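Note that the protein sequences, when read in sequence, are chains B and P.
When we follow UniProt numbering, the leftmost residue of the first sequence carries the number 1, and every step to the right adds one.
When we follow UniProt numbering, the leftmost residue of the second sequence carries the number 1, and every step to the right adds one.
Reading through the structure tokens given below for one structure.
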Amino acid sequence: MGTVKLLKQIDNAFFREVGEIAQFTARFFQTVTKPKQEWEEFINQCFWVGYKTLTLVGITAFIMGLVLTIQSRPTLVEFGAESLLPSMVSVSLVREISPVITALICAGKIGSGMGAELGSMRVTEQIDAMEVSGTNPFKYLVVTRVLASTVMVPILSSVGIAIGLCGGYLGVNIRGHISWNLFWHQAFEALSFGDLIPSLIKTFFFGFAIGIIGCYKGYNSKKGTEGVGQSATTAVIVASLVVFVLDLIAVQVTDLLGLT
Amino acid sequence: MEPVIQIKDLNKSFGDNHVLRNFNMAINAGENLAILGKSGSGKSVLIKCIISLMEVDSGEMIVLGKDIQLLNSDELDSLRAEVGFLFQSNALYDSMTIRENLEFPLRRHWSKEERKKGADAAVKEALEDVGLSHTIDMMPAELSGGMRKRIALARALILRPKVIMYDEPTTGLDPITSREISNLMLSVQKKYKSAALIISHDLNCIKMTSNRVIMLIEGTRYAEDTYENLRKSEDPKIKEFFD
Ligand SMILES: Nc1ncnc2c1ncn2[C@@H]1O[C@H](COP(=O)(O)OP(=O)(O)OP(=O)(O)O)[C@@H](O)[C@H]1O
Ligand SMILES: [Mg+2]
């Protein structure tokens with residue numbers, strides 16, 4: 001009996017949260033179309049997102065490209081398909097590795113950053129102060145941040161692809177030899193629109209989800225410093241989970257559309 | 001003359017917690033009215049209702065001649081420009097410099113040209129009023145508690161409001177700084193001829209700054225008089241505050 005009750009409670013909390021996030025998203029779309037955009041704050045936020053994550057995305061992508069190449073080589077050699085190494089690395093990076101890695105890093109750094117920042121602004125009444133001074137805090141704080149992460153995650157993912165390919169180039173050259181030009185030629189030749197477009201679209205969704213969840217958690221933070229910490233942590237957890245779920249949906253959709 | 005703020009039969013509850021019950025009050029032009037009440041008695045809730053940060057359950061609130069519950073968001077914004085608000089926690093924007101903090105209220109209420117021409121002077125004057133001109137390019141985190149309170153006051157003053165609401169302006173400050181803040185509040189009242197609603201449980205501050213005091217007990221206006229008269233009262237509930 002106790003377990004059933006507990007499960008029911010968890011269930012209720014889950015659906016309530018989903019409903020609230022949906023409402024928050026609806027409010028975003030209502031507010032974003034209202035006049036007087038906060039361009040300056042939006043640009044600031046874009047820089048901030050890039051500044052916070054670029055190094056980490058770069059290093060991770062480079063290592064992923066390198067490791068992927070080194071680990072795939074034996075298998076490809078077995079089939080005598082060593083020359084396919086650049087193509088394989090580039091397709092994997094574009095389709096899956098870079099978008100997901102970038103999104104997870106952003107969920108960690110940006111999601112938690114927004115959760116903590118807006119959370120502490122809520123707790124210290126800064127959001128109320130904004131409202132009192134006639135600036136719509138939802139527009140100034142939430143809309144700009146969500147737009148910034150929606151724009152920046154695809155850009156960061158593209159940068160991740162480029163840097164990951166550099167890692168791949170190094171990986172190929174550890175045991176073999178391929179010229180810089182030939183590597184890039186092969187890497188690009190392997191890619192089609194069916195790889196690039198879905199990857200780009202899904203990163204937009206990743207960025208949007210990370211922004212919405214980070215801001216939702218922070219903006220509705222509970223009173224007290226504890227609430228701020230909690231907002232930051234749950235923002236990361238929920239955002240990472242949503243990234244995986246969206247990835248799963250994206251793969252199904254591209255499959256249905258015959259883009260694979 | 002019509003009061004600057006008039007509140008009639010205000011009710012506000014959070015679930016079963018009935019915080020304000022049929023609360024009534026009025027502030028006249030140029031007057032400093034203090035509300036004295038225990039922690040948790042609903043003082044902050046009251047002024048948040050007046051500035052429409054919280055919705056009330058029932059009652060009427062007339063601020064500067066306007067019923068705030070009937071205003072749309074644009075009208076509410078322009079009314080808010082005439083009401084200064086000093087938050088209990090100061091609510092300075094920690095990611096902005098002091099200058100940006102003070103300029104923030106201007107973004108909505110002044111045009112771009114006005115801001116280009118006048119913002120700098122307005123910021124400098126407000127900082128001068130509170131005696132902190134040298135902090136203009138500092139961040140809030142670099143200031144002491146008392147300084148932050150004064151900056152918050154400068155920000156509340158920058159639009160030259162007709163009424164200023166102070167939420168516990170001296171709580172958490174040492175007696176000397178508290179007296180400085182109280183003096184500052186008085187000089188502001190003189191200089192700008194503004195009215196003020198002061199919410200506090202700091203007797204010294206209330207004694208120095210207020211013309212009239214309302215005792216908020218159990219969500220209602222329990223008593224209303226000058227500070228001196230209330231101090232002499234024999235009512236045990238009132239005496240409790242002054243012992
Ligand atoms: N957002 C809220 N949700 C639920 N209850 C609230 C909320 N804000 C205030 N309350 C409740 O209203 C009551 C009054 O709170 P309020 O903050 O107005 O007290 P206060 O008189 O300002 O006290 P203090 O002197 O400590 O600041 C408290 O019981 C508090 O629990
Ligand atoms: Mg309070």
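Each residue gets a CB set at the ideal place from its N, CA and C atoms; glycine is no exception.
All values derive from a computational prediction rather than experimental measurement.
- According to the DSSP secondary-structure assignment, S200 (chain P) is paired through a beta bridge with P:L36.
- With respect to chain P, the C-beta atom of E226 (chain B) has no partner C-beta closer than 9 Å.
- Think of a sphere of 7 Å around the beta carbon of Q126 (chain B): the chain P residues whose beta carbon falls inside it are A91, Y93, in chain order.
- The DSSP-derived three-state label of I5 (chain P) is strand.
- For I199 (chain P), the CB falls within less than 8 Å of some heavy atom of ligand 2.
- Looking from the CA of V100 (chain B), the closest CA among B:M130, B:V57, B:A116, B:R73 belongs to B:V57.
- Under the 9 Å criterion on CB atoms, T31 (chain B) is classed as non-interfacial with respect to chain P.
- Those residues having their beta-carbon less than 6 Å away from any non-hydrogen atom of ligand 2 are, in chain order, P:K43, P:S44, P:Q88, P:D167, P:E168.
- In the same chain as D11 (chain B), and ignoring 5 residues on each side of it, no C-beta atom comes closer than 7 Å to its own.
- DSSP, read as helix, strand or coil, puts H177 (chain B) in coil.
- As computed with DSSP, E60 (chain P) is found in a beta bridge with P:K8.
- In the three-state reduction of the DSSP assignment, A223 (chain P) falls in the strand class.
- Not one heavy atom of ligand 1 falls within 8 Å of the beta-carbon of F23 (chain P).
- With a beta-carbon spacing of about 7 Å, I27 (chain P) and V163 (chain P) fall inside the 8 Å limit used to define contacts.
- Within chain B, the C-beta atoms nearer than 9 Å to that of A81 (chain P) come from S133, G134, in chain order.
- Within the stretch 73 to 99 of chain P, the beta strand (DSSP E) runs of at least 3 residues that lie entirely inside it are, in chain order, 83 to 86.
- Across the structure, S199 (chain B) and I155 (chain B) are spaced so that their CA atoms are roughly 11 Å apart.
- Within chain B, no C-beta atom comes less than 9 Å from the C-beta of L197 (chain P); the nearest is roughly 14 Å away.
- Against chain B, the CB of Q88 (chain P) has a partner CB under 9 Å away; the residue lies at that interface.
- In the DSSP assignment, V213 (chain P) falls within the beta strand (DSSP E) that extends over 212 to 217.
- Under the 10 Å beta carbon count, E103 (chain P) is surrounded by 16 or more other beta carbons and is classified as buried.
- Annotation: the continuous alpha helix (DSSP H) that includes M185 (chain P) extends over 175 to 192.
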